[in-house]
Structures are given as C-alpha cells and as structure tokens.
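Under numbering that gives the first Met the number 0, the residue at position 355 of the first sequence is numbered 354, and the numbers go up by one with no gaps.
Only one structure is covered here, and it is reproduced in the block below.
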Amino acid sequence: MPFSLIKKLESAVRVGELTIPHGLIRTPFFMPVGTAGSVKGVAPRELKELGAEIILANTYHLYLRPGERLIKKLGGLHSFMRWDKPILTDSGGYQVFSLAKNSSQASGLRPQADGLVQICDDGVEFTSHLDGSKHFFTPERVIDIQLDLGVDILMPLDVCPSGKATPEEIKRATQLTIEWAKRAKKHFLARAQGPRLNGQASSLRPLLFAIVQGGLDLTLRQECAAALAEIGFDGYAVGGLAVDLETRDMWDIVKLMGEILPQDKPRYLMGVGTPDDIIQATRLGMDMFDCVLPTRLARHGSVYVCKSEMDDERSNDQQQIPSPLRGEGGGEGYELINLLNSRYREDPKVIDENCACPACTAGFSRAYISHLLRSNEILGLRLATLHNLWQYLNLMRELRQE
RNA sequence: GCGGCUAUGGUGAAGUGGUUAUCACGGCAGUUUGUGGCACUGCAGUGGUGGGUUCAAUUCCCGCUAGCCGCC
C-alpha cells in the first residue's frame, strides 16, 4: 500500500506515510507550487534545505511550453529540472476554469470571449494563452502527458465550476468530473500495466488521485465522493473550494470530506490556503496542501510573522517556545506584514526573530529587503520567498509532531 | 540690457474656452488561496503668481517672477 496512516494525534491531525517512486513523504505536507517546472526564484537544492519534500507542477503549462515530448526526451521532469524528490502535477482542470474567467474579463480583446474554453462530454477545447492556438484535452490525453512527464502523483482532468456557477452547472461539472475520472483510471491502468512505466527503474508505480467536486452542495459532494471511492483511487482531492473565498465558506464541505473520504487514503485539499486554513484543515482530516500564497505574496512584498514573536515582550517570563500552534482555538497564529510599507524602510530587525529561514538567519533586515523589493532586485523576491516557504514548511513539521 | 521660448501632481511629458485634467515612472495604501513571472485596484494636482476678456479659463490677453536659448 502506498499510503499508511500511522497515528492520529490528539488534535486529530493524521500522521501517515506516502511511498511513491521518488521517495517517502510524511503527512500532512505542503507542496510549494512550481507551475512551469520551477518554484519561482528557488533552486531545487534550496527547496530541500527549506524542508520541501514534494512540489507541484502543472500539466497545462508544461504541455504548452516546452511540451511533454521535449521533457520526456530529456529524461522526464525530474531530470529536466534537477529535482529528485516527488512531484505532483495538477491536471489543467483549474486552468480551464481560470482561463474562462479571465477571458470574460478581457473586454474588447475577444468579441467571443466565452468561446476561449469549450467543454463537451469528451473533453475540453481551449485556446493557448501563449499564442492563441487551439488545443483539446481529454481525460486520456492528460494522463498521457503526465506519464510522459514522469511525475509521482497524477491528477485527472476535472471540471472546476466558478463560485458563481448555477446549481445546474455545478451538477453537470460534477457528473463530468466523475465520468472523466473513470476514463482516466481505465487509461492509466492500461498504460501502467506495461513492465517499465515511463522507463523508471523504481518498482513503484505513480499514483492516480481523483478530484471531488460539487460546489457547496453537501449532498452533491457526498454523492461525488462516494462515486469516486466506488471506482477506487490512490488518493482523493477536494477541488473547487479555493475559489471566491470571500463570499463562500468551505468549512462545512471540508468537514464532511474529512468524515466520509476513505480513511486509508491520502486526502488533498487543493489550492488551500493560509497557514491558519491549513491548521484547521489538518484537524478535519486533510493530509495534503498546495497554495500559491506564500510564493506570490512574497513577490508582492508580504511576509509571514509568527504572532508568538509579536507577543514576545509580554510572554518573556513564561519562556514560551514560539509556535503558531499554541493556543487551543487554532488559527490566528500568523501576521502578514508588507515590507513595501513605508514603516519598514528603516526597520533594522529581521523579518521574524524566531525564524530559522535563510533570510532571517543570515540577518537580512526588513529595511534591506524593503530596499531590494523597491529596487526590483531579484534577491528581494528570493529572500521573501524563501522566508514564506520556510514558514509553511516549518508549520507542517510542527503539525506532524504536535 | 534687448529679443525669443517655456512655466500643468515628486519627476518627465500630453491635452482642452465649458460635466470627475491624461500618460509613464516615483510616492502612499489595499488585494492576492489546484500562479497568464516583479500582477491587479485605489488615493494624492485649488493647473508659477497677480490681474483682464468671457455666461464660463488650465486653455485667450497683460504685468510680475523663475528657467532656458540667442544677441549686445
């Protein structure tokens, strides 16, 4: 069995082990996002030093550029990007949703903007954001691309409805997602039965997950989860929740998923989230996460500060070990500060005194990083990114040991 | 001393006799959740100064001041 649940902590966090071709990973874990085969600004060796054990890349983007054929020719994605630990690829289902959203906002540029993405029973037709060329993805094609990339965990093509979708649209998206998952599995098994799947020396095969959709409809989510579990997959993802968060509450769904998804399989909450979201979700039984927030926020100047540090002066005599997990309520362990704000221009402190990331241990001041970011110096983006990723990965370490 | 030109947000530039004066960069702030790379959204100007013409002037005219160019 690729996954084994070792124990449930008092907090209800599931500590387990996932064994895949490029290594063994302990849950719960966070996957830094490296859409185009690179976690922006961070080299593989640095990722390892931060404690990353698996990263996420994107099928849609790598298919369009440089193309899975080229990557396969050069030895697969691991060899291509010089990362020898596990990789999970997102299927491109989210990009279909995201492109459709962007196209309707691009007023004027395209008269038939909504024609940018066409979903039919067989698959999805879309227009490349790079050169306008037309492409067609089927569930089978997306499996083939991911096998060519040689990744450890494959995600099937799904339909991710927007937060504004009608109940009918959500129902149809859910039905298609189940149908496509079934086709993906069939195709995956047919290809995986070959003796040397993508030429890997490892005897371990890659894993195929399924994605639960259904919007905020508890019944639909339950039916979708049951249908997918009936088909049987290596793990189960919960999709479509990291969307329109300001107007929608995902927690009822997350709680339900934690209760009904197969206990002996990893659960992946896609696209989530803030550190506080992740803490809460692990307590509801989620095992895997990915999110662009730490890396994107860093590039825009925002960095995480553990609140236990902000309270330092008050808690001095208590000799408290700083941890985002202290406090029973959970959440509210982190504060986000924007180094581009004028108040940090002359701030001599490091981002977070209790942080052991490369930026903080080297002693780079907030003032210096602020200067770098204002001057558009690459090092500024890198330092902020390293810091935020370290915060996330350290949080996961603490969650596993709690 | 004489002649000419120019004076528009922090900077550099547009533009117009009449509702909220445009753009870039900079500044200030906000947003960001399966990443269309440092993205996006806001905010800040009583239009050098004093008069005049006009129903109405940033826009037309005059004085003053400042800067630039040329001549003596």
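Yeah, the Cβ is synthetic: ideal placement off N, Cα and C, and Gly gets one too.
Closest Cα partner of residue i within the set the options
{"i": "Ala51", "options": "Leu398, Val302 and Tyr391", "result": "Tyr391"}
{"i": "Lys7", "options": "Phe135, Leu283 and Met80", "result": "Leu283"}
{"i": "Glu167", "options": "Leu61, Leu219 and His60", "result": "Leu219"}
{"i": "Asp143", "options": "Leu98, Met80, Ala226 and Tyr59", "result": "Tyr59"}
{"i": "Ile19", "options": "Trp389, Asp233 and Val12", "result": "Asp233"}
{"i": "Leu335", "options": "Cys305, Val349, Glu48 and Phe363", "result": "Cys305"}
{"i": "Leu98", "options": "Thr88, Gly74, His128 and Ser90", "result": "His128"}
{"i": "Trp250", "options": "Arg44, Ile278, Gly40 and Trp82", "result": "Ile278"}
{"i": "Leu244", "options": "Ser161, Asp351 and Gly74", "result": "Ser161"}
{"i": "Val271", "options": "Val237, Ala191 and Lys47", "result": "Val237"}
{"i": "Ala358", "options": "Ser3, Leu23, Glu45 and Leu61", "result": "Glu45"}
{"i": "Ser364", "options": "Lys348, Ala241 and Met256", "result": "Lys348"}
{"i": "Tyr367", "options": "Asp263, Gln400 and Leu339", "result": "Leu339"}
{"i": "Lys163", "options": "Phe135, Thr34 and Arg247", "result": "Arg247"}
{"i": "Gly40", "options": "Leu398, Ala191 and Gly379", "result": "Gly379"}
{"i": "Thr26", "options": "Arg344, Ile350, Leu382 and Asp263", "result": "Asp263"}
{"i": "Glu229", "options": "Ile350, Arg204, Glu178 and Asn375", "result": "Glu178"}
{"i": "Glu9", "options": "Glu352, Arg373, Arg396 and Thr281", "result": "Thr281"}
{"i": "Gly418", "options": "Arg64, Lys184, Ser3 and Thr165", "result": "Here the chain has residues from 0 to 401 only, and residue 418 is not among them."}
{"i": "Leu382", "options": "Glu345, Ile252, Arg396 and Ile350", "result": "Ile350"}
{"i": "Arg182", "options": "Gln221, Arg204 and Leu227", "result": "Leu227"}
{"i": "Pro65", "options": "Gly36, Trp82 and Lys84", "result": "Gly36"}
{"i": "Lys84", "options": "Glu352, Ile152, Phe135 and Gly257", "result": "Ile152"}
{"i": "Arg373", "options": "Phe136, Tyr343, Thr165 and Ile5", "result": "Tyr343"}
Per-residue burial, residue i [other beta carbons within 10 Å of its own, 16 or more giving buried]
{"i": "His21", "result": "buried"}
{"i": "Asp130", "result": "exposed"}
{"i": "Asn393", "result": "buried"}
{"i": "Gly15", "result": "buried"}
{"i": "Asn403", "result": "Past the boundaries of the shown model lies residue 403; the chain is included only from 0 to 401, so the question cannot be answered."}
{"i": "Pro225", "result": "In the sequence as presented, Pro is not what sits at residue 225; that position holds Ala. Ala225 is exposed by the Cβ-count criterion."}
{"i": "Thr88", "result": "buried"}
{"i": "Gly0", "result": "The identity of residue 0 in the sequence shown is Met, whereas the question assumes Gly. It counts as exposed."}
{"i": "Val12", "result": "buried"}
{"i": "Glu67", "result": "buried"}
{"i": "Ser90", "result": "buried"}
{"i": "Leu260", "result": "buried"}
{"i": "Leu371", "result": "buried"}
{"i": "Phe187", "result": "buried"}
{"i": "Gly33", "result": "buried"}
{"i": "Leu73", "result": "exposed"}
{"i": "Ser369", "result": "buried"}
{"i": "Leu276", "result": "One detail in the question is off: residue 276 reads as Asp in this sequence, not Leu. Per the 10 Å Cβ criterion, buried."}
{"i": "Ser3", "result": "exposed"}
{"i": "Leu398", "result": "buried"}
{"i": "Gln104", "result": "In this prediction, Gln104 has a pLDDT of 37, which is less than 50 and means its spatial position is unreliable; what the coordinates show is noted afterwards. When all chains shown are included, Gln104 counts as exposed."}
{"i": "Glu312", "result": "With a pLDDT of 44 at Glu312, under the threshold of 50, the modelled position of that residue is not reliable, and the figure given next carries that caveat. Burial call: exposed."}
Beta-carbon separation (whole angstroms), residue i vs residue j, contact threshold 8 Å
{"i": "Gly239", "j": "Cys119", "result": "At roughly 20 Å, the Cβ-Cβ gap does not stay under 8 Å, so Gly239 and Cys119 are not in contact."}
{"i": "Val291", "j": "His386", "result": "Not really, about 16 Å apart at Cβ, beyond 8 Å."}
{"i": "Ala209", "j": "Ala180", "result": "5 Å"}
{"i": "Val123", "j": "Leu76", "result": "Incorrect: roughly 23 Å between the Cβ atoms, too far for contact."}
{"i": "Gly332", "j": "Pro274", "result": "6 Å"}
{"i": "Arg298", "j": "Thr360", "result": "Wrong, their Cβ atoms sit about 21 Å apart, outside the cutoff."}
{"i": "Val116", "j": "Val141", "result": "About 15 Å; that fails the 8 Å criterion."}
{"i": "Gly92", "j": "Asp157", "result": "4 Å"}
{"i": "Gly300", "j": "Asn337", "result": "5 Å"}
{"i": "Phe79", "j": "Ile70", "result": "5 Å"}
{"i": "Pro155", "j": "Leu207", "result": "7 Å"}
{"i": "Met269", "j": "Asp289", "result": "7 Å"}
{"i": "Leu49", "j": "Trp389", "result": "5 Å"}
{"i": "Phe29", "j": "Met256", "result": "About 18 Å; that fails the 8 Å criterion."}
DSSP-derived helix/strand/coil call for residue i
{"i": "Gly92", "result": "helix"}
{"i": "Phe208", "result": "strand"}
{"i": "Phe79", "result": "helix"}
{"i": "Gly198", "result": "In this predicted model, Gly198 has a pLDDT of only 47, less than 50, meaning its place in the structure is not dependable; the value taken from the coordinates is given anyway. Three-state result, Gly198: helix."}
{"i": "His134", "result": "strand"}
{"i": "Asp275", "result": "helix"}
{"i": "Glu258", "result": "helix"}
{"i": "Thr176", "result": "helix"}
{"i": "Ala297", "result": "helix"}
{"i": "Lys71", "result": "helix"}
{"i": "Ile5", "result": "strand"}
{"i": "Gly234", "result": "strand"}
{"i": "Asn387", "result": "helix"}
{"i": "Ala164", "result": "coil"}
{"i": "Met395", "result": "helix"}
{"i": "Gln400", "result": "helix"}
{"i": "Asp311", "result": "Below a pLDDT of 50, predicted positions are generally treated as unreliable, and Asp311, at 47, falls in that range; the measurement from the model is reported next regardless. In this structure, Asp311 counts as coil in the three-state DSSP scheme."}
* Asked: Do the region 201-218 and the region 172-191 make contact, defined as three or more Cβ pairs closer than 8 Å?
  -> yes
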